[in-house]
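Student: Structure in structure tokens, see below.
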Amino acid sequence: MWYHKPVVNKELLQSLPNLRIVASSGVGIDHLDLKLLSSFGVKVSNTPFIVSTDTADLGMALMLASSRRLVEGYEMAVSPDTENFPADWLGTQVSGATLGIVGMGTIGYKVAERAKAFEMKILYHNRSQRKKEEESAVGAVYCKKIDDLLQQSDFVLLTVNLTPQTHKLIGKRELELMKPTATLINISRGLVVDQDALVEALQNKVIKAAALDVTYPEPLPRDHPLLKLKNLIITPHIGSATKKTRRTMMEEMTESIEAGLAGLPIPREVL
Amino acid sequence: LSEKVQAIYMWWHRPAIDRELLQSLPNLKVIANSGVGMDHLDLKLIASFGVKMANVPHAVSSSTADAGMALLLASARRLVEVHHIAMSSDIDYCEADILGVKVSGSTLGIIGMGRIGYKIALRAKAFEMKILYHNRTRRKAQEEQAVGATYCEKIDSLLQQADFVMLVVNLTPQTHNLIGKRELELMKPTATLINISRGAVVDQEALVMALQTGVIRAAALDVTYPEPLPRLDHPLLKLKNVIITPHLGIKTDKTMYMITEEAVENILAALNGLPMPSEVLPS
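Residue numbers (the UniProt record's numbering), protein chains in the order written: chain A, 1 to 271; chain B, 1 to 283.
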């Protein structure tokens, strides 16, 4: 399975009586009905860990590109109308700023490791608190209430799974709790954010900017208001899109499929 | 008025400091520059008038290092290209066409390991990058170990091994055209050149050729020569594998504030006859 295609529903499963395994690319499995698949005796695997580093890298890339206005800057630098670079054209400092990580799993933790080297102050919100040694290694402070994180962060980065609990986790209320100078970065799933609320927040400068690797749907319809906003960077779900990682993902998926077909224990099985 | 002027705080190379200006300001004691590069100033001329000079090395280092990393990541992951794809009306693209290059675990070669270069090394280490560096002098062993950096006495060795080459040198007669045809050909064809130093450190024509013919994979330039590049069909403005940014290395709200603080500190020290924290001497 690559990028959620084909769609695995009852009709498909009924039409494939000998289907033994669905190997899904990437770590997210929110697009799969695990109960349904289990009821047909079909096993499921994903590629959870290999994507973590590239996705963390992309989170950092988006934060830096957004704060330093890289895309705008590029357009200015190459525009036929540019005669001079204005002296008062400024971005926002990353070094020394406060990063709030929502979802401190493997990817979230890797983001924290990277952000620490930029002398960022790190806050995190997670279902459970990490061990003390893990927290001290990256200088991360636990925020049991997401509100505390939202109110203090200059950058809010989303790295949660999509579950019923995280669906629209960031809505109008949460955006209003954020600083007006803050930036939202989403590398998790489009549905974690209430997109309509985000459009309003960006239009009315409730928050300063956003950078999204994920939206709902992907891609967005071409007349979507998000595409008209200037204070927004969108990338087409490229979290794991490097040659090396994609190759490894395919190797892992093949390995899982072969094990599944041979009736052996399946590496990276999702239960 | 010209008798009253004792200090000049320069803002983006203005005013131009020439003999005429210096002659017209008999009581000028100090010129403080709002950046770290001094290549736009005739240091000997200024010193000959008994005027002291200062730059602001501490204020600029973090934001410039951040900008270097921002460019490295944006180029590796093709951020500008894919942003345009995501925002445009033409959404038919092949996924294989938007694959980028893995940053974590790759090799970064830093040319110029001063304050800014070292801050880049600190950041790159967190991305599990292998770090090579070339510098006029070798850093202390503890400094090298803290970032896991390996010294390359010969620049060739760095160029041959690096996946990303980052230029962080001052512009001097020795570093003018430091990266030319020969150096670009030593680089891997999969490598990326990132320049956050000065445009003239790179032989721009050689760079254009190298990018057009696949001698290197891509470049990301915060600095060019001149700035901005002439609009009439300059090849660098049209290449797909180039990101150019408008010399934004120090341009953040916080850094602007720190620059002014550091410049004023130097000016006050000079006016009070005290040692200046970041005096620049002609050499």
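C-beta atoms are modelled at their ideal positions from N, C-alpha and C, and glycine is treated no differently. It should be emphasised that the depicted structure is a prediction, and the values quoted were computed from it without experimental measurement.
To the nearest angstrom, how far is the alpha carbon of His234/B from that of Gln203/A?
Tutor: As a position in the second sequence, residue 234/B is number 234, starting the count at 1. As a position in the first sequence, residue 203/A is number 203, starting the count at 1. Rounded to the nearest angstrom, the two C-alpha atoms are 36 Å apart.
Student: Determine the burial state of Phe127/B: buried for a count of at least 16 other Cβ atoms within 10 Å of its Cβ, exposed for fewer.
Tutor: Translated into the one-based positions of the second sequence, residue 127/B becomes position 127. Buried: at least 16 other Cβ atoms inside 10 Å.
Student: Taking the alpha carbon of Gln93/A as the reference point, which residue from Gln212/B, Val103/B, Ser62/B and Leu79/B has its own alpha carbon closest?
Tutor: For this step, residue 93/A is matched to residue 93 along the first sequence. Checked all of Gln212/B, Val103/B, Ser62/B and Leu79/B; the closest Cα to Gln93/A is Ser62/B.
Student: Mind pulling the chain B residues with CB within less than 7 Å of Ala77/A?
Tutor: Looking up residue 77/A in the first sequence gives position 77. Near Ala77/A (Cβ distances below 7 Å), the residues of chain B are Pro228, Ile244, Thr245 and Pro246.
Student: Using three-state DSSP, classify Leu229/B as helix, strand or coil.
Tutor: The residue given as residue 229/B occupies position 229 in the second sequence. The answer is coil: DSSP assigns Leu229/B none of H, G, I, E or B.
Student: Report yes if the CB atom of Leu177/A is closer than 8 Å to the CB atom of Gln151/A, and no otherwise.
Tutor: Locating residue 177/A in the first sequence gives position 177, where the first residue counts as 1. Locating residue 151/A in the first sequence gives position 151, where the first residue counts as 1. Yes, these two residues count as a Cβ contact at 8 Å.
Student: Around the C-beta of Thr213/B, are 16 or more other C-beta atoms found within 10 angstroms, so that it is buried, or is it exposed?
Tutor: Counted from its first residue, the second sequence places residue 213/B at position 213. Burial call: exposed.
Student: Between which two residues does the alpha helix (DSSP H) carrying Ile8/B extend?
Tutor: Numbered from 1 along the second sequence, position 8 holds the residue referred to as residue 8/B. Element bounds for Ile8/B: not the alpha helix (DSSP H) but the beta strand (DSSP E), Ala7 to Met10.
Student: From Leu227/A to Ile243/B, what does the alpha carbon distance come to, in whole angstroms?
Tutor: By one-based count along the first sequence, residue 227/A stands at place 227. By one-based count along the second sequence, residue 243/B stands at place 243. Approximately 22 Å between the Cα atoms of the pair.
Student: Who are the neighbours of Pro80/A on chain B, taking C-beta pairs under 8 Å?
Tutor: For the purposes of this step, residue 80/A is identified with residue 80 of the first sequence, where counting begins at 1. In chain order: Arg231.
Student: Suppose the cutoff is 7 Å on Cβ atoms and the five residues either side in sequence are ignored; what does the same chain contact list for Ala67/B look like?
Tutor: Here residue 67/B refers to the residue found at position 67 of the second sequence. Once the five neighbours on either side are set aside, the close Cβ partners of Ala67/B are Ile196, Asp222, Leu248 and Gly249.
Student: So what does DSSP say about Asn195/B, is it helix, strand or coil?
Tutor: Here the question's residue 195/B lines up with position 195 in the second sequence. Asn195/B: strand per DSSP, three-state reduction.
Student: Contact between the stretch 151-160 of chain A and the stretch 101-118 of chain A: three or more CB pairs below 8 Å?
Tutor: Contact holds: three or more Cβ-Cβ distances are below 8 Å.
Student: Looking at the C-beta of Val71/A, does it have a partner C-beta in chain B at a distance below 8 Å?
Tutor: Working through the first sequence from its first residue, we reach residue 71/A at position 71. Yes, contact with chain B.
Student: Look at the Cβ atom of Met69/B, then the Cβ atom of Ile120/B, and state whether they are nearer than 8 Å.
Tutor: Locating residue 69/B in the second sequence gives position 69, counting from the first residue. Locating residue 120/B in the second sequence gives position 120, counting from the first residue. Yes; because the gap between Cβ atoms is below 8 Å, this pair is in contact.
Student: Rounded to the nearest angstrom, how far is the Cβ of Ser188/A from that of Gly26/A, given a contact under 8 Å?
Tutor: Translated into the one-based positions of the first sequence, residue 188/A becomes position 188. Translated into the one-based positions of the first sequence, residue 26/A becomes position 26. Wrong, their Cβ atoms sit about 12 Å apart, outside the cutoff.
Student: Distance check for Met53/B and Ala87/A, CA to CA, integer angstroms please.
Tutor: Indexing the first sequence from 1 puts residue 87/A at position 87. Indexing the second sequence from 1 puts residue 53/B at position 53. Their backbone Cα atoms lie some 22 Å apart in a straight line.
Student: Report yes if the CB atom of Val147/B is closer than 8 Å to the CB atom of Lys125/B, and no otherwise.
Tutor: The residue you call residue 147/B lines up with position 147 of the second sequence. The residue you call residue 125/B lines up with position 125 of the second sequence. Yes, the Cβ-Cβ distance between Val147/B and Lys125/B is below 8 Å.
Student: Determine, for Asp154/A, whether the minimum Cβ-Cβ distance to residues of chain C falls below 8 Å.
Tutor: Absent here is chain C; the protein component of the structure consists of chains A and B.
Student: So His134/B is in the beta strand (DSSP E); what residue range does that whole segment cover?
Tutor: The residue you call residue 134/B lines up with position 134 of the second sequence. That run of the beta strand (DSSP E) goes Lys130 to His134.
Student: Report all residues from its chain with a CB closer than 6 Å to the CB of Asn135/B; omit the five preceding and five following residues, and keep chain order.
Tutor: Your numbering for residue 135/B matches position 135 in the second sequence. Result list for Asn135/B: Met113, in chain order.
Student: Tell me the rounded alpha-carbon separation between Gly263/A and Arg246/A.
Tutor: Sequence index remark: in the first sequence, residue 263/A carries index 263 (1-based). Sequence index remark: in the first sequence, residue 246/A carries index 246 (1-based). Each residue's Cα considered, the two are about 26 Å apart.
Student: At least one CB of chain B closer than 8 Å to the CB of Pro17/A: is that the case?
Tutor: Within the first sequence, the letter at position 17 stands for residue 17/A. Not closer than 8 Å to any Cβ of chain B, the Cβ of Pro17/A fails to qualify, so no.
Student: Helix, strand or coil: how does DSSP classify Thr163/A here?
Tutor: Reading the first sequence from its first residue, position 163 is the one you call residue 163/A. Three-state result, Thr163/A: coil.
Student: Could you work out which residues of chain A lie near Thr252/B, taking near to mean beta carbons separated by less than 9 Å?
Tutor: Translated into positions along the second sequence, residue 252/B becomes position 252. The contacting residues are Ser67, Arg68, Leu90, Gly91, Thr92, Gln93, Val94 and Ser95.
Student: Would the C-beta of Glu153/B count as close to the ligand FAD, meaning under 7 Å from any of its heavy atoms?
Tutor: With respect to the ligand FAD, the structure offers nothing, as it holds no ligand at all.
Student: Could you tell me the distance, in whole angstroms, from the CA atom of Ser24/B to the CA atom of Val30/B?
Tutor: Stepping through the second sequence from its first residue, residue 24/B is reached at position 24. Stepping through the second sequence from its first residue, residue 30/B is reached at position 30. Straight-line Cα distance between these residues: approximately 14 Å.
Student: Less than 8 Å between C-beta atoms, sequence neighbours within five positions excluded: which residues of the same chain meet that for Leu28/B?
Tutor: For the purposes of this step, residue 28/B is taken as residue 28 along the second sequence, with counting starting at 1. Cβ neighbours of Leu28/B beyond the five flanking positions: Val5, Gln6, Ala7, Ile8, Leu22, Phe49 and Val51.
Student: Quick one: is Ser136/A buried, meaning 16 or more other Cβ sit within 10 Å of its Cβ, or exposed?
Tutor: Translated into the one-based positions of the first sequence, residue 136/A becomes position 136. With fewer than 16 other Cβ atoms within 10 Å, it is exposed.
Student: May I have the straight-line CA-CA distance separating Glu279/B from Thr64/B, to the nearest angstrom?
Tutor: For the purposes of this step, residue 279/B is taken as residue 279 along the second sequence, with counting starting at 1. For the purposes of this step, residue 64/B is taken as residue 64 along the second sequence, with counting starting at 1. The straight-line gap from Cα to Cα measures roughly 20 Å.
Student: Cα-Cα, which of Thr254/A, Glu251/A, Val199/A and Tyr216/A is closest to Leu229/A?
Tutor: Within the first sequence, residue 229/A is the residue found at index 229, counting from 1. Ranking the options by Cα distance to Leu229/A, first place goes to Val199/A.
Student: Can you find at least 3 beta carbon pairs, one from the stretch 77-90 of chain B and one from the stretch 259-267 of chain B, that sit closer than 8 Å?
Tutor: The stretch 77-90 of chain B, when compared against the stretch 259-267 of chain B, does not touch it at the 8 Å Cβ threshold.
Student: On the three-state DSSP scale, how would you describe Met166/B?
Tutor: Reading the second sequence from its first residue, position 166 is the one you call residue 166/B. It is a strand residue.
Student: Just checking, does the stretch 47-63 of chain A make contact with the stretch 16-35 of chain A on the three C-beta pairs under 8 Å criterion?
Tutor: At 8 Å Cβ cutoff, the stretches touch.
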